[in-house]
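Peer 1: So for the sequence shown, our numbering puts the first residue at 71; every next one is plus one.
Here you go, one structure.
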Amino acid sequence: MVVSADPVYPVIWQDPHLLMINQARLPREYSYLEVSRCEDVIEAIRTSMVRGEAAGIAAAYGLYLGMRGCAESDREAFLLKLEAIAQTLKTACPSVLDISWAVEEMLTTARAASGSTDHLNRVLLDTAKAIHAENLQACQAIGRYGLQALPSEPAQLRLLTHANAGALSSGGYGTALGIVRATHTAGRLAKLYITETRPRFQGGRLSAWECLQEEIAVTIIVDSAAAACMQKGMIDAVIVGADLIARNGDTANRIGTYSLAVLANAHQIPFYVAAPSFVVDFNLASGEQIPLENRPPSDIYQVEDTLVCPPNAAVLNPALDVTPAHLITAIVTDKGSFVPSDLYQLLEH
Numbered sequence: 071m072v073v074s075a076d077p078v079y080p081v082i083w084q085d086p087h088l089l090m091i092n093q094a095r096l097p098r099e100y101s102y103l104e105v106s107r108c109e110d111v112i113e114a115i116r117t118s119m120v121r122g123e124a125a126g127i128a129a130a131y132g133l134y135l136g137m138r139g140c141a142e143s144d145r146e147a148f149l150l151k152l153e154a155i156a157q158t159l160k161t162a163c164p165s166v167l168d169i170s171w172a173v174e175e176m177l178t179t180a181r182a183a184s185g186s187t188d189h190l191n192r193v194l195l196d197t198a199k200a201i202h203a204e205n206l207q208a209c210q211a212i213g214r215y216g217l218q219a220l221p222s223e224p225a226q227l228r229l230l231t232h233a234n235a236g237a238l239s240s241g242g243y244g245t246a247l248g249i250v251r252a253t254h255t256a257g258r259l260a261k262l263y264i265t266e267t268r269p270r271f272q273g274g275r276l277s278a279w280e281c282l283q284e285e286i287a288v289t290i291i292v293d294s295a296a297a298a299c300m301q302k303g304m305i306d307a308v309i310v311g312a313d314l315i316a317r318n319g320d321t322a323n324r325i326g327t328y329s330l331a332v333l334a335n336a337h338q339i340p341f342y343v344a345a346p347s348f349v350v351d352f353n354l355a356s357g358e359q360i361p362l363e364n365r366p367p368s369d370i371y372q373v374e375d376t377l378v379c380p381p382n383a384a385v386l387n388p389a390l391d392v393t394p395a396h397l398i399t400a401i402v403t404d405k406g407s408f409v410p411s412d413l414y415q416l417l418e419h
């Protein structure tokens with residue numbers, strides 16, 4: 071495994087190609103995919119080679135790549151093709167809301183632009199680059215606000231995170247791991263515990279890898295060890311990401327997040343959610359309205375080519391769970407840190 075002190079960037083635009091870290095091969099292989107077709111971006115999203123906010127950024131570039139060779143000079147015909155490709159990108163992984171958000175940003179900008187279809191293509195590329203840059207800036211802001219929100223004592227903090235809400239799932243830097251990075255840079259990180267995050271091991275496989283790339287020491291624990299670590303006084307705060315947040319603060323995130331919130335509450339440990347502000351959906355009154363999906367049974371009974379459970383056993387494999395707002399100390403966004411009941415203040419920014 072290659073280790074360096076360089077920041078991790080999962081998506082890089084290197085004209086005329088899009089480079090993406092092949093996350094499906096981490097940590098055993100650190101390699102970039104060179105992509106020049108929208109179809110390849112769609113396949114990368116479907117196979118989890120790129121994830122989360124990074125998938126949204128990749129989708130934005132993918133929309134441009136899909137239109138780059140379009141010889142259509144009629145504006146309306148160009149926009150119709152654009153919308154068809156956009157719909158295909160949205161369905162590549164419907165549960166990743168970052169994709170829909172990024173694609174809609176691209177569509178809105180293209181519809182509002184005037185000029186030739188060649189100009190519209192340039193607008194698409196510029197918009198994809200802007201989405202990419204703004205995401206990185208948002209993650210860095212989350213890191214700053216999160217550092218301010220963490221307890222002032224002890225001076226050296228022992229943090230626990232779950233799944234991968236880091237550079238690999240964003241434009242760089244990350245949300246939950248963005249706060250970890252800010253804490254590390256400020257000299258306040260004593261230790262970082264990372265749950266392995268079964269069944270896809272996003273914590274042990276991805277979060278641990280990217281932290282080690284930047285020489286942030288980590289300790290990986292099995293998911294079921296979190297309670298014992300808290301009981302022994304080994305954790306000062308828990309920081310997680312979010313896939314979707316309802317307006318009351320109920321938060322959907324990787325399965326196992328709710329368990330950690332319950333445990334943190336039982337041990338009087340602060341529990342923070344870190345996410346870009348667009349993840350808050352004010353049309354959803356509560357977590358009961360958040361759609362949840364189940365993943366394939368093979369995730370549970372098989373690890374790569376090795377059977378670890380009987381394949382004929384019944385399997386329940388939810389991808390996400392919902393953490394009630396009352397278990398959350400603060401929701402840290404790129405616009406500030408809020409207690410869940412104050413999320414409405416985001417509408418004022």
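From the three backbone atoms N, C-alpha and C, an ideal C-beta is built for every residue, glycine too.
1. If you follow the beta strand (DSSP E) that G406 is in, where does it begin and where does it stop?
2. Assign Q157 to buried or exposed, taking buried as 16 or more other Cβ atoms, counted over all protein chains shown, within 10 Å of its Cβ.
3. Select from A383, D313, P410 and P380 the residue whose C-alpha is nearest the C-alpha of H396.
4. With distance defined between alpha-carbon atoms, name the residue in A147, N382 and V173 nearest to C108.
5. Less than 6 Å between C-beta atoms, sequence neighbours within five positions excluded: which residues of the same chain meet that for S44?
6. Touching or not, the segment 94 to 104 and the segment 255 to 273, by the rule of three or more beta carbon pairs under 8 Å?
7. Do the CB positions of R121 and A162 come within less than 8 Å of each other?
8. Measure the alpha-carbon distance for Q93 versus T289 and round it to whole angstroms.
9. Quick one: measure Cβ to Cβ for G213 and I249, integer angstroms, because I've assumed they're closer than 8 Å.
10. At the level of alpha carbons, what is the spacing between L314 and I360?
11. Under DSSP, the alpha helix (DSSP H) around R181 begins and ends at which residues?
12. Nearest to T178 by CA position, among P388, V78 and L152, is which residue?
13. Go ahead and label V72 buried or exposed: buried means 16 or more other beta carbons lie within 10 angstroms of its beta carbon, across all protein chains shown.
14. Examine the Cβ distances between the segment 185 to 200 and the segment 321 to 330 and report whether three or more of them are shorter than 8 Å.
15. Could you pull out every residue in the same chain whose Cβ sits closer than 6 Å to the Cβ of E280, ignoring the five residues on either side in sequence?
16. N28: which of P346, G132, T399 and V350 sits nearest, CA to CA?
17. Is it right to say N318 is buried, meaning 16 or more other beta carbons lie within 10 angstroms of its own, or is it exposed?
Peer 2: Quick look at the numbers:
1. G406 to F408
2. exposed
3. P410
4. V173
5. Here the chain covers residues 71 to 419 and nothing more, so residue 44 does not appear.
6. no
7. no
8. 21 Å
9. 5 Å
10. 8 Å
11. L167 to A182
12. L152
13. In this predicted model, V72 has a pLDDT of only 43, less than 50, meaning its place in the structure is not dependable; the value taken from the coordinates is given anyway. Exposed, because fewer than 16 other Cβ atoms sit within 10 Å of the Cβ of V72.
14. no
15. V78, G236, A237 and L238
16. Residue 28 is absent from the structure shown; the chain starts at 71 and stops at 419.
17. buried
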